[in-house]
Amino acid sequence: MRGPALSLAFEGRRPWHWMGLDIVMLNAFPDEATRVRAATLPAGLYADGIDVVFRRGSHSVQALKDCSLDIPRGSWATLIGASGCGKSTLLRVFADIVKPTAGTALLHGVSPAEARANRIYALVQQGSTMLPWRSIIDNVALGLEISGLPKSTRYARAEEALALVGLKGFEKSLPSELSGGMRQRAAIARALTLRPRFLLMDEPFGALDEITRDRLHFELLRILEETGATLLLVTHSISEAVILSDKVIVMTPRPGRISEIIEVDFGRGRTPDLRGDPRFVQYEAQLRRALHQPA
Amino acid sequence: MTPSLAPRRVILPVIYGIALLIAWEALAHSGAVSRLVLAGPLEIVVAGVRNWSELGFNAGVTLAQALIGAAIGNVAGLLVAICFVHWGFFRRAVFPLAILCEAIPVVAILPVLILWLGNGMAPKIFVAAFLSFFPMLVNAYRGLSNVDEEVRELLYSYSATASQMLWKVRMPAAVPFMFTALKLSACSSMIASLVAEWLASERGLGFLVVYYGQSYRVADIWSAAILSCLISLGLYGITAACERRALSRSSP
Ligand SMILES: Nc1ncnc2c1ncn2[C@@H]1O[C@H](COP(=O)(O)OP(=O)(O)OP(=O)(O)O)[C@@H](O)[C@H]1O
Ligand SMILES: [Mg+2]
């Protein structure tokens, strides 16, 4: 999968060198055939035949079996399915935390390891863990601190992100002083500060009340549209999946596989009025059927 | 501490303490116990005041040895713990040996230490360091490796280096554990330094105790012992105060 084309394209190792990536890539190859090949590399999230087997001693669990997906750059996908069907595991394969036993995963044409080294994705974890001794703003700015950005930039971006998730005024608070839902929003802000090309989110809205969740859904979509970032999000909520997706990836357990991929055709510029659209109910019903189908 | 509890927490121990001192004084005067066994509190205070310059100088020597030993032992313990966290093979090879060494009754091998290191401050510092080293090693290692799996994954997703992980996550997480070790060493290093002086020395509180003992100066012995006690308590108090300051941020 990774030939000379990629090593050329990723010569500049920093994300900001990649901004005009596609143009650079296409102009870099004088011969037509290579140019065409480079142009057809999956620029979004791509997985082919992913197997994940967890071993503990003689006991082994097949968490994922033959999972393949292709999420074009800038589009939005959600993973949905029963608890334990491997949603988090698939997300963590893209984050380079779980190494697949077999198969290929690519983010913008590069392996998860390279994507991580180049910091092109941001992860929101299921537990929204914070460092308990750091104030919220220092927690939110942690990723930028690790990247070595100067303090003023870090704080400016962290404050911006906190305002976006409605946590203005809690900068100096400690994580223990926040509710679970507020911590979850801080974790989302923490990911947004990185301005990632790929946003990998594991049930980021689980602990939120309906109203905040609604507001954040469309706030997130607005940010995604502005930045052109690609989204992969794990959820248990059928309506959330419909609102946030171009593609809903339905998974079934034991072993975890992708059973169905449902295209949601709401395009861009989605608003809360979406819920009133007759197609919304249809998509929900279709999704519910897919989830209840015996594997 | 709520305001209503504060006086009770102070007053009760003080009342019991005073009652105990009075009983002690009475016991010493009653003639039931020999003067050679137990001196009364007043007598001890008088002895302490009479010998204050001698006591002060020798306490300084013992304290200096304790502090230098504790500093060396704690720093070494922390450094080894950091190595343990980063190099698993080193930990697996060395940790069992370290535990084995901890079982060495260091006081029992004092004569050997004196042969090796002379009868100056060195063997006392060694013993104080030895006794501070293991609590710090074990506690710091526990603290440094006490990192939530999700936090580890988050830092991994940021491609954080091992040293960023150490300074931004492991060290802050280990601070409460390190204070546990420091408080232990606040008491043990003073005792270590004093006990090491018994065998061969020309200075220090331990030397004074032996010297007084040879001439049956019971009240003087007690005054030296109580002074050492007070110094240990002082060290403990300072450490505990630092701990409260350091941890007040993270646990409101
Ligand atoms: N580190 C691991 N070691 C061993 N088994 C694991 C590990 N991580 C996940 N598994 C197993 O893999 C399967 C899928 O787990 P995963 O966390 O991906 O599920 P999930 O779909 O995210 O569930 P949930 O909706 O409850 O979060 C489960 O059977 C789980 O026991
Ligand atoms: Mg999960």
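Read top to bottom, the protein sequences are chains A and B.
Residue 97 in this note's numbering sits at position 97 of the first sequence, with consecutive numbering throughout.
Going from the second sequence to this note's numbering is simple: count from 1 and add 295.
C-beta: ideal position from N, C-alpha, C; glycine also.
#1: With 8 Å set as the bound, which would you pick, yes or no: does the beta-carbon of A/L79 sit closer than that to a beta-carbon of chain B?
#2: Under a CB-based cut-off of 8 Å, is B/V380 close to chain A?
#3: DSSP beta-bridge partners for A/H292?
#4: Cβ of A/S88 within 7 Å of any heavy atom in ligand 2?
#5: Go ahead and pull the three-state DSSP assignment for B/C482.
#6: Kindly identify the DSSP beta-bridge partner or partners of A/G256.
#7: Counting only beta-carbon atoms, is A/T129 nearer than 8 Å to chain B?
#8: For A/Q125, which residues in the same chain have their Cβ closer than 6 Å to its Cβ, ignoring the five residues on either side in sequence?
#9: Compute the beta-carbon to beta-carbon distance between A/V140 and A/A189, rounded to the nearest angstrom, for a pair I have assumed lies under 8 Å.
#10: Using a Cβ-Cβ cut-off of less than 7 Å, list which residues of the stretch 97 to 118 of chain A approach chain B; keep chain order.
#11: Consider the C-beta atom of A/Q125 and the heavy atoms of ligand 2; say whether any pair is separated by less than 7 Å.
#12: Quick one: does A/A285 have its CB under 8 Å from some CB of chain B?
#13: Using a Cβ-Cβ cut-off of less than 8 Å, list which residues of the stretch 157 to 187 of chain A approach chain B; keep chain order.
#14: First and last residue of the beta strand (DSSP E) that includes B/G383?
#15: Is the closest heavy atom of ligand 2 to the C-beta of A/V250 under 7 Å?
#16: Following a CB-centred definition, is A/G180 positioned closer than 7 Å to any heavy atom of ligand 1?
#17: Taking the alpha-carbon of B/M485 as reference, which of B/V504, B/Y511, B/A520 and B/L358 has the nearest alpha-carbon?
#18: Work out the CA separation of B/A476 and B/S427 for me, nearest whole Å.
#19: Ends of the beta strand (DSSP E) at A/R56?
#20: Below 7 Å CB to CB, which residues in the same chain sit around A/E107 once its five sequence neighbours on both sides are set aside?
#21: Please list, in chain order, all residues of the same chain as A/R268 whose beta carbon is under 8 Å from its beta carbon, the five residues on each side excluded.
#22: Apart from the five residues just before and just after A/E219, which ones in its own chain have a Cβ nearer than 7 Å to its Cβ?
#23: For ligand 2, is there any heavy atom lying closer than 7 Å to the beta carbon of A/V234?
#24: Compute the distance between the beta-carbons of B/D423 and B/M473, then report whether it is under 8 Å.
#25: For a test of the three-state rule: what should DSSP assign to A/P97, helix, strand or coil?
#26: Say whether chain A places a C-beta atom closer than 8 Å to the C-beta of B/S452.
#27: So with CB distances below 8 Å, who are the chain B contacts of A/I146?
#28: Rounded to the nearest angstrom, what separates A/G127 and B/P406 at their Cα positions?
#29: Spell out whether any CB of chain B is found under 8 Å from the CB atom of A/W18.
#30: Check this for me: beta carbons of B/A334 and B/W462, under 8 Å apart or not?
#31: Report the three-state DSSP secondary structure of A/M19 (helix, strand or coil).
#32: On the DSSP bridge assignment, give the partners of A/W76 in chain order.
#33: Under 9 Å Cβ-Cβ, which residues of chain B neighbour A/A95?
A quick look at the data gives this:
#1: Locating residue 79 of chain A in the first sequence gives position 79, counting from the first residue. Closer than 8 Å: no.
#2: Counted from its first residue, the second sequence places residue 380 of chain B at position 85. Cβ-Cβ to chain A under 8 Å: no for B/V380.
#3: For the purposes of this step, residue 292 of chain A is identified with residue 292 of the first sequence, where counting begins at 1. Answer is none; A/H292 lacks a bridge partner.
#4: Mapped onto the first sequence, residue 88 of chain A falls at position 88. A/S88 Cβ: within cutoff of ligand 2.
#5: As a first step, residue 482 of chain B must be located in the second sequence, where it is residue number 187. Here B/C482 sits in helix by DSSP.
#6: Residue numbering aside, residue 256 of chain A sits at position 256 when the first sequence is read from its first letter. A/L64, per the DSSP bridge assignment.
#7: Taking the first residue of the first sequence as 1, we reach residue 129 of chain A at position 129. It does: the Cβ of A/T129 has a partner Cβ on chain B nearer than 8 Å.
#8: What you label residue 125 of chain A is simply residue 125 of the first sequence in a count that begins at 1. Excluding positions up to five away in sequence, the list reads D202.
#9: Working through the first sequence from its first residue, we reach residue 140 of chain A at position 140. Working through the first sequence from its first residue, we reach residue 189 of chain A at position 189. That belief holds up - the Cβ atoms of A/V140 and A/A189 are roughly 5 Å apart, short of 8 Å.
#10: I97, R116 and A117
#11: As a working mapping, residue 125 of chain A is identified with position 125 in the first sequence. Flag unset: Cβ of A/Q125 not near ligand 2.
#12: For the purposes of this step, residue 285 of chain A is identified with residue 285 of the first sequence, where counting begins at 1. Taking Cβ atoms only, chain B never reaches closer than 8 Å to A/A285, which makes this a no.
#13: L174, S176 and E177
#14: The residue you call residue 383 of chain B lines up with position 88 of the second sequence. Careful: B/G383 lies outside any beta strand (DSSP E), inside the alpha helix (DSSP H) at G383 to E397.
#15: The residue you call residue 250 of chain A lines up with position 250 of the first sequence. No - ligand 2 has no heavy atom lying nearer than 7 Å to the Cβ of A/V250.
#16: The sequence position of residue 180 of chain A within the first sequence is 180, counting from 1. A/G180 Cβ: outside cutoff for every heavy atom of ligand 1.
#17: Within the second sequence, the letter at position 190 stands for residue 485 of chain B. Of the candidates B/V504, B/Y511, B/A520 and B/L358, the one whose C-alpha sits nearest the C-alpha of B/M485 is B/L358.
#18: Counting from one through the second sequence, the residue named residue 427 of chain B turns up at place 132. Counting from one through the second sequence, the residue named residue 476 of chain B turns up at place 181. Taking the straight line from one Cα to the other gives about 8 Å.
#19: Along the first sequence, one-based indexing puts residue 56 of chain A at 56. Per DSSP, A/R56 belongs to the beta strand (DSSP E) from L45 to R56.
#20: Within the first sequence, residue 107 of chain A is the residue found at index 107, counting from 1. Residue identity check: residue 107 of chain A is Leu in the sequence provided, not Glu. Closer than 7 Å at Cβ, skipping near neighbours: L45, F94, A115, I120, Y121 and F198.
#21: For this step, residue 268 of chain A is matched to residue 268 along the first sequence. Excluding sequence neighbours, A/R268 sits near E225.
#22: Indexing the first sequence from 1 puts residue 219 of chain A at position 219. Counting only Cβ-Cβ distances below 7 Å, and skipping sequence neighbours, we find L164.
#23: As a working note, residue 234 of chain A is residue 234 in the first sequence. Because some heavy atom of ligand 2 lies under 7 Å away, the Cβ of A/V234 counts as near it: yes.
#24: Translated into the one-based positions of the second sequence, residue 423 of chain B becomes position 128. Translated into the one-based positions of the second sequence, residue 473 of chain B becomes position 178. Residue identity check: residue 423 of chain B is Ala in the sequence provided, not Asp. Not in contact: B/A423 and B/M473 (Cβ atoms no closer than 8 Å).
#25: Here residue 97 of chain A refers to the residue found at position 97 of the first sequence. Sequence inspection shows Ile at residue 97 of chain A; the Pro mentioned does not correspond to that position. Here A/I97 sits in coil by DSSP.
#26: Numbered from 1 along the second sequence, position 157 holds the residue referred to as residue 452 of chain B. Yes, B/S452 counts as interfacial toward chain A.
#27: Looking up residue 146 of chain A in the first sequence gives position 146. Those are L450, Y453, S454, A455, Q459 and K463, listed as they occur along chain B.
#28: As a working mapping, residue 127 of chain A is identified with position 127 in the first sequence. As a working mapping, residue 406 of chain B is identified with position 111 in the second sequence. So the alpha carbons of these two residues sit roughly 57 Å apart.
#29: Your numbering for residue 18 of chain A matches position 18 in the first sequence. With a pLDDT of 42 at A/W18, under the threshold of 50, the modelled position of that residue is not reliable, and no figure is offered here.
#30: As a first step, residue 334 of chain B is located in the second sequence; it is residue number 39 there, counting from the start. As a first step, residue 462 of chain B is located in the second sequence; it is residue number 167 there, counting from the start. No, these two residues do not count as a Cβ contact at 8 Å.
#31: Along the first sequence, read from residue 1 onward, the residue named residue 19 of chain A stands at position 19. Its pLDDT being 41, under 50, A/M19 is placed unreliably by the model, and nothing is read from it.
#32: Locating residue 76 of chain A in the first sequence gives position 76, counting from the first residue. Beta-bridge pairing links A/W76 to A/L231.
#33: Here residue 95 of chain A refers to the residue found at position 95 of the first sequence. Those within 9 Å of A/A95 in chain B are E448, Y451 and S452.
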